[in-house]
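Working notes for the structure below.
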Amino acid sequence: MADAETVSFPQNRTCPYNPPTGYRSEHRGPQPVSRARLFDGRTVWLVTGHAEARSLLVDQRLSSDRENPAFPFFAERVAASTLRRVELLGVDDPEHNVQRRMLIPSFTVRRTASLRPQIRATVDRLLDAMVKQGPPADLVDSFALPVPSMVICALLGVPYDDHEFFEAQSRKLLRGPAAADVESARDALDEYFRVLIEQKQATPGEGLLDELIAKQLETGAVDQQELVRLAQILLIAGHETTANMISLGTFTLLQHPDQLARMRESDGLMPSAVEELLRFLSIADGISRVAVDDIEVGGVTIRAGDGVLLTTSVINRDETVYPSPDELDLGRNARNHVAFGFGIHQCLGQNLARAELEIALPALFDRLPELRLAVPAEEIPFKPGDTIQGLLEMPVTW
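For the sequence shown, my numbering gives the first residue as 20, with consecutive numbering after it.
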């Protein structure tokens, strides 16, 4: 395939809620599976078709094993790191299934429903503080980040008083400029959870981490290091992604006042509104896999050892699945999006994320009906393309 048809990956968004234009098929022809070039010059497969993505994400010939030498990292800082293993997300079955089964009971629809009053109380408390302090405020620091941080801390049994530490380490892990930042953040979080686990073994508390210590660590089902890494994944994934969805979702609604009005007029619209925002924003815009066998898909042959990248922002705007895919339509049936992935690695915490969004977004606009940006939209800084998409800050007034 000619170089002109090979797109670089990742690319930065030019609008925080739209895919990079270079990923879109209309610029390269109708190719659901094409070629992309990584930072190091390596060429991998780029999947942008919805049907092809869902087919591949359940295909066991694609591996999530980050220790595979052919695994396609799209950030140099991660590729250069010696700490590549990622529990749950970066392992295949049967090991993945064992880890996931430990955690599933804490993230079911029923368990999440039981957390809704606590989520609502957290949201109300943060909005009380915003109202008391008065405008202006940074919505990221005042609301979008604290909501999921407080919720996941309560669920895990992690002291929220430590939030400045673990939020800073999460930023380094996900957005640090060099491999040394990734490794130092991982080391710091390792040590934090080792100490916390030992404290909980001496003085048990209530929380998922305490349950895992009693049922998994102390029975020998896992060792301390595996539990430490599982706790890291749960903590980071449990606050980073939802924080970005709350802030970017709010920004997007403010930029689409007709849809914001629809949401405010109908409480019953929230479940579909959340699914549409998940589809439209696709903040986890890059799923990496490596082929362990040959695969025929989308008119091409993916060979064993080839890297595969699935770009959710374009997959979720496939016009063969979603009519007028670039339009935000909160009444749309968007439940078959891949914003949470698909297959065995589909996001474990998706029910919790949905609950947080369904509660936080309407409460924010109910409490602050005059909420608006405090600066022009084009001045809002957002994150680069090699990490979870979202806003770095969001000055608002009301």
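By construction, the Cβ of each residue, glycine as well, lies at the ideal position given by its N, Cα and C atoms. Just so you know, these numbers come straight off a predicted model, no measurement behind them.
How is residue i classed by DSSP in three states: helix, strand or coil?
i, result
"T25", "coil"
"L328", "strand"
"F184", "helix"
"D143", "helix"
"I138", "helix"
"M20", "Bear in mind that the predicted position of M20 carries a pLDDT of just 41, short of 50, making it unreliable; the figure below should be weighed with that in mind. Here M20 sits in coil by DSSP."
"R190", "helix"
"T271", "helix"
"A358", "coil"
"I265", "helix"
"T67", "coil"
"A240", "coil"
"V128", "helix"
"L349", "coil"
"H46", "Because the pLDDT of H46 is 45, which lies under 50, any placement of that residue in the model is unreliable, and the question is left without a value."
"F490", "What is shown of the chain runs 20 to 417, which leaves residue 490 out entirely."
"E315", "strand"
"F162", "helix"
"F443", "The requested residue 443 does not occur in the structure, where the chain is confined to residues 20 to 417."
"A310", "strand"
"P414", "strand"
"V293", "helix"
Quick one: using the 10 Å Cβ neighbour count with 16 as the cut-off for buried, is residue i buried or exposed?
i, result
"V66", "buried"
"T127", "exposed"
"P342", "exposed"
"C172", "buried"
"T222", "exposed"
"I123", "exposed"
"Q235", "buried"
"A280", "exposed"
"Q188", "buried"
"V97", "buried"
"F184", "exposed"
"T141", "buried"
"Q137", "exposed"
"R32", "buried"
"Q278", "buried"
"A23", "Note that A23 has pLDDT 48, beneath the 50 cutoff, so the model's placement of it is unreliable and no number is given."
"G195", "buried"
"N40", "Contrary to the premise, residue 40 reads as Thr rather than Asn in this sequence. By the neighbour-count rule (16 or more Cβ atoms within 10 Å), T40 is not buried but exposed."
"V201", "buried"
How about residue i and residue j: do their beta carbons lie closer than 9 Å?
i, j, result
"S100", "R248", "no"
"V170", "H258", "yes"
"L145", "P165", "yes"
"L419", "A256", "Nothing about residue 419 can be reported from this structure: the residues present for the chain run from 20 to 417 only."
"I216", "Q251", "no"
"D157", "V415", "yes"
"E225", "G176", "yes"
"V150", "M413", "no"
"A163", "T269", "yes"
"L75", "V340", "no"
"L253", "L227", "yes"
"G19", "P29", "Examination of residue 19 is not possible in this model, given that the chain is present from 20 through 417 alone."
"I321", "P35", "no"
"L267", "L410", "yes"
"W417", "P154", "yes"
"Q218", "E237", "no"
"S291", "N352", "yes"
For residue i, tell me which candidate among the options has the shortest Cα-Cα distance.
i, options, result
"L383", "V309, P290, S161, K402", "S161"
"Q365", "R73, T25, N31", "R73"
"L193", "K402, L175, P414, V415", "K402"
"P38", "G404, E412, D209, L410", "G404"
"R55", "A132, F185, V327, L371", "For clarity, residue 55 is Ala in the given sequence; the question names Arg instead. The option with the nearest alpha carbon to A55 is V327."
"M264", "E375, S291, E24, G60", "E375"
"R283", "E71, A379, R213, D112", "A379"
"G324", "R80, P178, L76, P29", "R80"
"N370", "D78, V77, A132", "A132"
"M289", "Q408, R373, Q137", "R373"
"D468", "G195, L108, Q137", "In the structure as shown, the chain starts at 20 and stops at 417, and residue 468 therefore has no counterpart that could be examined."
"D313", "F58, T40, S27, D78", "D78"
"I407", "R213, Q278, K191, G60", "K191"
"L19", "E202, A148, T260, R213", "Residue 19 falls outside the range modelled here, since the chain spans only 20 to 417, and no answer is possible."
"E377", "W417, R139, A199, I363", "R139"
"D181", "V201, F212, A393", "F212"
"E245", "V105, G60, S82", "V105"
"D111", "R129, I363, V241", "I363"
Beta carbon of residue i: closer than 8 Å to some heavy atom of the ligand NAD?
i, result
"A310", "The ligand NAD is absent from the structure shown, which contains no ligands of any kind."
Worksheet item: Pairing CB atoms from the stretch 330-350 with CB atoms from the stretch 63-79, are three or more of them under 8 Å?
Response: yes
Item to complete: Give a yes or no on contact between the stretch 230-243 and the stretch 86-95, applying the rule of three or more CB pairs nearer than 8 Å.
Response: no
Discussion item. Using 8 Å as the cut-off, can you tell me whether the stretch 81-90 makes contact with the stretch 309-320, which would need three or more C-beta pairs spanning the two stretches below that distance?
Written reply: yes
Item to complete: Flag this pair as touching only if the stretch 343-358 and the stretch 289-300 have three or more C-beta atom pairs under 8 Å; answer yes or no.
Response: yes
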